[in-house]
Amino acid sequence: MNVSDSEVIFAILAKAGYERTEDMAAADVILANTCSIRDNAEQRIWSRLELFAAQKKRRPEVLVGIVGCMAERLKEKLLDSRKVDIVAGPDAYRSLPALLEAAAPDNPQINVLLSREETYGDIMPLRTDRGGVSAFISIMRGCNNVCSYCVVPYTRGAERSRDPETILAEARDVYERGYKEVTLLGQNVDSYFWKSAAGNTDFADLLESVARIAPDLRVRYATSHPKDISDKLIETMGRYANICRCIHLPVQSGSDVMLEKMRRRYTREWYLDRVRKIREVMPDCAITTDVIAGFCGETEQDHQDTLGIMREVGYDYAYMFAYSERPGTLAARNYPDDIPPEVKNRRLTEIIDLQNELSLESNTRDVGKTFEVLVEGPSKRDPSDLCGRNSQNKMCVFPAPGDTDIRPGTYVTVRILSCTSATLLGELV
Ligand code: 5AD
Ligand code: SF4
495 MNVSDSEVIF AILAKAGYER TEDMAAADVI LANTCSIRDN AEQRIWSRLE LFAAQKKRRP
555 EVLVGIVGCM AERLKEKLLD SRKVDIVAGP DAYRSLPALL EAAAPDNPQI NVLLSREETY
615 GDIMPLRTDR GGVSAFISIM RGCNNVCSYC VVPYTRGAER SRDPETILAE ARDVYERGYK
675 EVTLLGQNVD SYFWKSAAGN TDFADLLESV ARIAPDLRVR YATSHPKDIS DKLIETMGRY
735 ANICRCIHLP VQSGSDVMLE KMRRRYTREW YLDRVRKIRE VMPDCAITTD VIAGFCGETE
795 QDHQDTLGIM REVGYDYAYM FAYSERPGTL AARNYPDDIP PEVKNRRLTE IIDLQNELSL
855 ESNTRDVGKT FEVLVEGPSK RDPSDLCGRN SQNKMCVFPA PGDTDIRPGT YVTVRILSCT
915 SATLLGELV
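When you line the sequence shown up against my numbering, it's residues 495 to 923, in that order.
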C-alpha cells in the first residue's frame with residue numbers, strides 16, 4: 495500500500511519538476527511515507543526524524559515532510575516536534591507541490607483533509623522497483639469496516655473505488671512495458687464497486703478484465719475480507735490460470751469471542767466455510783493470513799482457538815503481530831489493553847513457532863512437484879542461483895544454467911527437490 499502511494503507521490507512531484515534521489519545528503523526535500531498500523535511503525539519514523547534533523551543541522555534549507563497515515567493521525571502534533579516542515583495526509587498528495595513551494599524552515603505547511611472522492615485514478619504512478627517484473631496497482635482507497643483494533647479507517651478515510659478504465663489502462667501500460675505481474679491493492683477488495691452507464695463492475699469483474707489483458711500477465715490481489723469473499727470471486731479465479739493461486743485471508747483470531755470484539759463480523763465457522771469453498775474450486779490454492787496475539791481480554795482458551803484454526807487451515811504463510819493499542823480506535827475507547835506484554839509475546843512466539851511448522855509442512859508437500867516460476871533475478875544468498883515465485887507466491891530458488899542467460903520476467907519450469915520453511919529449492923526442467 496505504501497509503495498503504491500509513494501509511486502503516486504513520485505509521479506505528482508516529477509510533474510512539478512522534482513527529481514528523485516536516494517542520497518539523503520543530496521536531497522533538498524526529504525519525505526517519509528508513514529504507516530500507523532502499529533506503534534512500532536511510528537516509533538521507527540520518530541528515529542528516522544532524528545536522522546533527518548542531523549541533515550537539517552548541516553543544511554538548514556532542507557525541507558522535511560511526513561506524509562501518509564502518521565501525518566493524518568498526528569496532524570499538528572508533528573509540527574510541534576519542530577522537526578517537520580510539511581505534513582500531508584493520504585488524500586493530500588496532489589497539494590504536495592504547493593505545500594513545498596510555500597514551506598520554509600520557519601513556515602511549516604499542513605494538509606490533512608480527507609476526501610470522499612480522491613483515488614488518484616488519473617495519475618500513472620512512477621514505478622520505483624528496478625526489476626520491472628511485478629507492479630502494484632491501487633484499485634481503491636480507505637476502508638469502511640471499522641475493525642475495533644484498526645486505525646486505518648481514521649487515517650485513510652472512507653472507502654472509494656477507482657474507475658476500472660483507469661485501472662485497466664495502468665495494467666495494460668505496465669504489461670506493455672514488460673512487467674509480467676500485477677497486484678491489485680485495496681484494504682477490502684471484495685467491496686470494490688463501480689457504477690457507470692456501461693454497467694456495474696464488482697471485484698470479480700475487474701479481476702477478470704485484468705486477467706484477460708494477456709495470458710502471460712500474472713494477476714494477484716490483496717486483501718480479501720473473509721466476511722465478503724464471494725463464490726463469484728473464487729469461481730472467477732478458478733477459471734483463469736493467470737490469476738495466481740494464492741489468497742490472503744486475514745483471520746486475526748480463531749475465537750468467536752475475540753472476532754466479535756474485533757468487529758470482524760464473521761465467525762470461525764463462516765471463515766472455515768470460505769476456506770472449504772476455496773479448496774473445492776482450487777485445490778492447489780495457497781492461503782495466507784494475518785494473526786493478532788493478545789487482543790483485549792484474550793483468554794488462554796481464545797489463544798488456543800487461534801492455534802487450532804491455524805492448524806485446521808494449514809496456512810502457507812502468515813503475518814503475525816502482538817496487539818498494539820491505537821489511540822482513537824473502538825478498542826482503545828471500549829476495552830482495556832489488559833494482556834501483559836510478556837503474555838502477549840509468549841503467545842505471539844507460540845503462533846510464530848506453529849506457523850514455521852505449518853510453512854515447512856506446506857513446502858514439504860511441494861517437494862517432487864513442478865511449478866511455473868516467474869524469474870525475479872539472482873538469488874540474494876548465492877548469485878549463481880536464480881529466484882522467482884510460483885503461482886502460490888512461494889519463493890523458488892534454483893541453479894542458473896551455465897550456458898543461457900535467463901532474464902528477470904522469464905517464465906521457467908522448476909522441479910522442487912527440497913525446501914526450508916521459507917523457500918522451495920529446485921532445478922530447471
Ligand atoms: N495491533 C496489531 N496488529 C494490527 N493489525 C491492524 N491493526 C493492528 C493493531 N492495532 C494487523 C492486522 C491487519 C494487518 C494489516 O495488521 O492483522 O490485518
Ligand atoms: Fe483495518 Fe479492518 Fe479495514 Fe482491514 S478491514 S483496514 S483491519 S478496518
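By construction, the Cβ of each residue, glycine as well, lies at the ideal position given by its N, Cα and C atoms.
Rounded straight-line distance, which links the Cα of residue j to that of residue i
{"i": "E819", "j": "A826", "result": "6 Å"}
{"i": "S589", "j": "E659", "result": "25 Å"}
{"i": "P554", "j": "V683", "result": "44 Å"}
{"i": "W764", "j": "K721", "result": "8 Å"}
{"i": "G748", "j": "R757", "result": "13 Å"}
{"i": "L678", "j": "G896", "result": "36 Å"}
{"i": "Y686", "j": "R654", "result": "8 Å"}
{"i": "R768", "j": "V775", "result": "11 Å"}
{"i": "N857", "j": "E670", "result": "34 Å"}
{"i": "I604", "j": "I524", "result": "15 Å"}
{"i": "G693", "j": "P744", "result": "31 Å"}
{"i": "T528", "j": "E675", "result": "26 Å"}
{"i": "G615", "j": "L608", "result": "16 Å"}
{"i": "E513", "j": "A521", "result": "9 Å"}
{"i": "H742", "j": "S642", "result": "20 Å"}
{"i": "A894", "j": "Y734", "result": "29 Å"}
{"i": "R538", "j": "N850", "result": "26 Å"}
Neighbour-count burial assignment, residue i, 16 or more Cβ in a 10 Å radius
{"i": "M518", "result": "exposed"}
{"i": "K571", "result": "exposed"}
{"i": "V923", "result": "exposed"}
{"i": "W688", "result": "buried"}
{"i": "Q795", "result": "exposed"}
{"i": "E544", "result": "exposed"}
{"i": "R739", "result": "buried"}
{"i": "I846", "result": "exposed"}
{"i": "D860", "result": "buried"}
{"i": "P777", "result": "exposed"}
{"i": "T613", "result": "buried"}
{"i": "D499", "result": "buried"}
Coarse secondary structure for residue i, derived from DSSP in three states
{"i": "H797", "result": "helix"}
{"i": "F546", "result": "helix"}
{"i": "A526", "result": "strand"}
{"i": "V645", "result": "coil"}
{"i": "L727", "result": "helix"}
{"i": "N496", "result": "helix"}
{"i": "M756", "result": "coil"}
{"i": "F504", "result": "helix"}
{"i": "F697", "result": "helix"}
{"i": "T858", "result": "helix"}
{"i": "Y669", "result": "helix"}
{"i": "Y587", "result": "helix"}
{"i": "V683", "result": "helix"}
{"i": "P599", "result": "coil"}
{"i": "T914", "result": "coil"}
{"i": "Q537", "result": "helix"}
From the options, residue whose alpha carbon lies closest to that of residue i
{"i": "S915", "options": "L620, D696, Y673 and Y809", "result": "Y809"}
{"i": "E611", "options": "P599, P591, E670 and D657", "result": "D657"}
{"i": "L854", "options": "R875, R805 and E870", "result": "R805"}
{"i": "L868", "options": "I845, G862 and F892", "result": "F892"}
{"i": "E792", "options": "D750, R759, R712 and L607", "result": "D750"}
{"i": "C436", "options": "I910, P830, G822 and E836", "result": "Look at the range of the chain in this structure, 495 to 923, and you will see that residue 436 is not part of it."}
{"i": "T622", "options": "R576, I531 and I631", "result": "I631"}
{"i": "I560", "options": "K551, D574 and R552", "result": "D574"}
{"i": "V606", "options": "V578, T613, R576 and A565", "result": "A565"}
{"i": "Y813", "options": "A598, E754, C779 and Q746", "result": "Q746"}
{"i": "R759", "options": "N884, L848, Y734 and H719", "result": "H719"}
{"i": "Y817", "options": "K888, K551 and V785", "result": "V785"}
{"i": "V502", "options": "R567, I633, I741 and C790", "result": "I633"}
{"i": "P830", "options": "E866, V837, F789 and K863", "result": "F789"}
{"i": "L766", "options": "L568, D832, K755 and I781", "result": "I781"}
{"i": "P834", "options": "T864, P872, A535 and A787", "result": "A787"}
Cβ-heavy atom distance, residue i to the ligand MG, below 7 Å
{"i": "S685", "result": "Summarising the ligand content, the structure contains the ligand 5AD and the ligand SF4 and does not contain the ligand MG."}
is_contact[residue i, chain B] using C-beta, thresh 8 Å
{"i": "L701", "result": "No chain B appears in the structure shown, which is made up of a single protein chain."}
Three CB pairs or more closer than 8 Å across the segment 873-882 and the segment 636-648: Inter-segment contact for the segment 873-882 and the segment 636-648 is absent: fewer than three beta-carbon pairs are separated by less than 8 Å.
query: Quick check: the segment 702-711 against the segment 652-672, are there 3 or more CB pairs under 8 Å?
result: Flag = yes, the segment 702-711 and the segment 652-672 touch.
- prompt: Pairing CB atoms from the segment 573-587 with CB atoms from the segment 644-657, are three or more of them under 8 Å?
  reply: yes
query: Between the segment 794-801 and the segment 839-849, do three or more beta carbon pairs fall short of 8 Å?
result: Contact between the segment 794-801 and the segment 839-849 is present: 3 or more CB-CB pairs across the two stretches fall below 8 Å.
query: On the three-pair Cβ rule with 8 Å, is the segment 714-731 touching the segment 694-706?
result: yes
query: Is there contact between the segment 900-907 and the segment 626-636, where contact requires at least three CB pairs shorter than 8 Å?
result: yes
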